[in-house]
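In the numbering used here, the protein residues as written are 1181 to 1462.
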């Protein structure tokens, strides 16, 4: 999906969220207890006093964990569910639902981060991205380019099937970006469907002695499916090295990839879609 101007995944971990260690809390409590009662000598794990300290330490860790979770809930990069919806409401951004398909947290989070660009009526790339993505929850990715001066071309990739959008989705995007409050008078905005480059993956795997071959093949297939799903975007290359790395799961000794035979390099208006996967033991 098209990203906002701020890559939320690259932000440093917030300092307010502290690392937690049960052992450290227990040790600190025991040291505090001994400082207050130096005559106590029954420092055995089985002693009732030690058990009480363990219980107190456990409950303190739970409380600190709750504080960490509350802190994360106030940040767009980490909030989930209703917490994320409340953060979106501060900027006037609601979670989309189209034909019963609700926008997931990752997509919603990205739109919140880019929402301020939506206030621009100067025809910025970010503004067109935000309004196009906000047109329908079925929009997975948007490409923005200017093939000739004065013409803005938006390419739409759908979340459905291979990514080819239906007419209703294209119409929703077209209406959103041609609103008088969005499109400058000097722009002509064309909306088109993404071209889908379908490909198949065929490979044979050598399995190390010992592991169950069916389990290894299933793990390799699942990893490959995750990888090709991540590469399903406008202008996103699917390199052979990435396919082989995804297949090279624990228990796989070697990978022989027979399809595709070269990197798949879509144009900015195209998206690569894996139509089928066939794995066999070599």
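Ideal placement from N, C-alpha and C gives every residue a C-beta, glycine not left out. No experiment lies behind these values; they were computed from the predicted model shown.
*asked:* Assuming contact is defined by CB atoms lying nearer than 9 Å, are residue 1375 and residue 1412 in contact in what I supplied?
replied: Within the chain shown, numbered from 1, the residue matching residue 1375 stands at position 195. Within the chain shown, numbered from 1, the residue matching residue 1412 stands at position 232. In this structure, residue 1412 does not lie closer than 9 Å to residue 1375 by Cβ.
*Could you give the DSSP three-state label for residue 1444: helix, strand or coil?*
On the chain shown, residue 1444 is found 264 positions in, with the first residue counted as 1. Residue 1444 falls in the strand class under three-state DSSP.
_Whole-angstrom distance between residue 1197 and residue 1244, CA atom to CA atom_ = Taking the first residue of the chain shown as 1, we reach residue 1244 at position 64. Taking the first residue of the chain shown as 1, we reach residue 1197 at position 17. C-alpha separation (whole angstroms): 9 Å.
_Proximity of residue 1264 and residue 1289 at Cβ, strictly below 9 Å_ = As a working mapping, residue 1264 is identified with position 84 in the chain shown. As a working mapping, residue 1289 is identified with position 109 in the chain shown. It is a contact, given that the beta carbons lie within the stated cut-off.
*Taking just the CA atoms, how far does residue 1372 sit from residue 1440?*
As a working note, residue 1440 is residue 260 in the chain shown. As a working note, residue 1372 is residue 192 in the chain shown. If I take the Cα positions, the gap works out to 28 Å.
*asked:* Considering just the uninterrupted stretch of the beta strand (DSSP E) at residue 1245, what are its terminal residues?
replied: Here residue 1245 refers to the residue found at position 65 when the chain shown is read from its first residue. No beta strand (DSSP E) holds residue 1245; the alpha helix (DSSP H) holding it covers 1228-1252.
*Under three-state DSSP, which class holds residue 1383?*
The residue you call residue 1383 lines up with position 203 of the chain shown. Residue 1383 falls in the strand class under three-state DSSP.
*When DSSP labels each residue in this structure, what does residue 1362 get in the three-state scheme?*
Reading the chain shown from its first residue, position 182 is the one you call residue 1362. Coil at residue 1362, not helix or strand.
_Alpha carbon of residue 1352 to alpha carbon of residue 1328, nearest angstrom_ = Sequence index remark: in the chain shown, residue 1352 carries index 172 (1-based). Sequence index remark: in the chain shown, residue 1328 carries index 148 (1-based). If I take the Cα positions, the gap works out to 24 Å.
*Of all the options 1350, 1248, 1356, 1386, which has the alpha carbon lying nearest to the alpha carbon of residue 1308?*
One-based indexing of the chain shown puts residue 1308 at position 128. That would be 1356, whose Cα lies nearest to the Cα of residue 1308.
*Between which two residues does the alpha helix (DSSP H) harbouring residue 1294 extend?*
The count along the chain shown starts at 1 and reaches residue 1294 at position 114. That run of the alpha helix (DSSP H) goes 1285-1294.
*Do you know how far the Cα of residue 1416 is from the Cα of residue 1443?*
Looking up residue 1443 in the chain shown gives position 263. Looking up residue 1416 in the chain shown gives position 236. So the alpha carbons of these two residues sit roughly 11 Å apart.
*How would you write the range of the alpha helix (DSSP H) that residue 1333 sits in, first residue to last?*
Here the question's residue 1333 lines up with position 153 in the chain shown. Looking at the DSSP string, residue 1333 is not in any alpha helix (DSSP H); the run it does join, the beta strand (DSSP E), is 1331-1338.
*asked:* Output needed for residue 1183: all residues of its chain with C-beta closer than 6 Å, excluding positions within five of it in sequence on either side, in chain order.
replied: Counting from 1 along the chain shown, the entry for residue 1183 is found at position 3. Residue placement at residue 1183 is flagged as unreliable, the pLDDT there being 48, under the threshold of 50; the coordinate-derived value follows with that caveat. For residue 1183, where only same-chain residues beyond five positions count, there are no Cβ hits under 6 Å.
*Determine the burial state of residue 1291: buried for a count of at least 16 other Cβ atoms within 10 Å of its Cβ, exposed for fewer.*
Your numbering for residue 1291 matches position 111 in the chain shown. Per the 10 Å Cβ criterion, buried.
*Spatially closest choice to residue 1381 from 1367, 1422, 1362, by CA coordinates*: Taking the chain shown and counting its residues from 1, one reaches residue 1381 at position 201. Checking every option, the nearest Cα to that of residue 1381 belongs to 1422.
*Have a look at residue 1399 and residue 1295 and give me their C-alpha separation to the nearest angstrom.*
Locating residue 1399 in the chain shown gives position 219, counting from the first residue. Locating residue 1295 in the chain shown gives position 115, counting from the first residue. Approximately 38 Å between the Cα atoms of the pair.
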